[in-house]
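Visitor:
Numbering (the working numbering), first residue to last: 234 to 320.
Okay, here's the thing in structure tokens:
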């Protein structure tokens with residue numbers, strides 16, 4: 234266990250950040266899953282709506298340094314390709 238007050242505070246801050254980041258990543262995964270489910274069911278309009286919701290959330294996660302920009306870009310690209318593949 235840490236003995237200095239600054240170290241104890243750092244541990245508290247890290248735990249708070251970790252919980253917040255995990256919550257954000259969980260929300261992103263849930264939103265991406267909604268897009269994939271809509272695609273698998275063939276509901277193009279619903280998939281487009283969900284995609285429009287998940288893209289700004291991914292961009293916000295990049296700005297907050299929760300996700301790397303390449304990872305977010307890759308996820309957006311893959312989801313967009315799946316939606317566009319629907320006829």
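Each residue gets a CB set at the ideal place from its N, CA and C atoms; glycine is no exception.
Output needed for residue 235: all residues of its chain with C-beta closer than 7 Å, excluding positions within five of it in sequence on either side, in chain order.
Guide: Counted from its first residue, the chain shown places residue 235 at position 2. For residue 235, where only same-chain residues beyond five positions count, the Cβ hits under 7 Å are 241 and 244.
Visitor: According to DSSP, simplified to helix, strand and coil, what is residue 244?
Guide: By 1-based counting over the chain shown, the position of residue 244 is 11. It is helical.
Visitor: Using the C-alpha atoms, what's the distance from residue 309 back to residue 278?
Guide: Counting from 1 along the chain shown, the entry for residue 278 is found at position 45. Counting from 1 along the chain shown, the entry for residue 309 is found at position 76. Each residue's Cα considered, the two are about 17 Å apart.
Visitor: What's the gap between the Cα of residue 286 and the Cα of residue 264?
Guide: Translated into the one-based positions of the chain shown, residue 286 becomes position 53. Translated into the one-based positions of the chain shown, residue 264 becomes position 31. Using only the alpha carbons, I get a separation of about 8 Å.
Visitor: Taking Cβ positions, are residue 295 and residue 280 nearer each other than 8 Å?
Guide: To locate residue 295, count along the chain shown from 1; it is residue 62. To locate residue 280, count along the chain shown from 1; it is residue 47. In this structure, residue 280 does not lie closer than 8 Å to residue 295 by Cβ.
Visitor: Just confirm the distance between the C-beta atoms of residue 312 and residue 268, as a whole number of angstroms; I'd bet it's less than 8 Å.
Guide: Position 79 of the chain shown holds residue 312. Position 35 of the chain shown holds residue 268. Their Cβ separation, rounded to whole angstroms, is 5 Å, which keeps residue 312 and residue 268 in contact under 8 Å.
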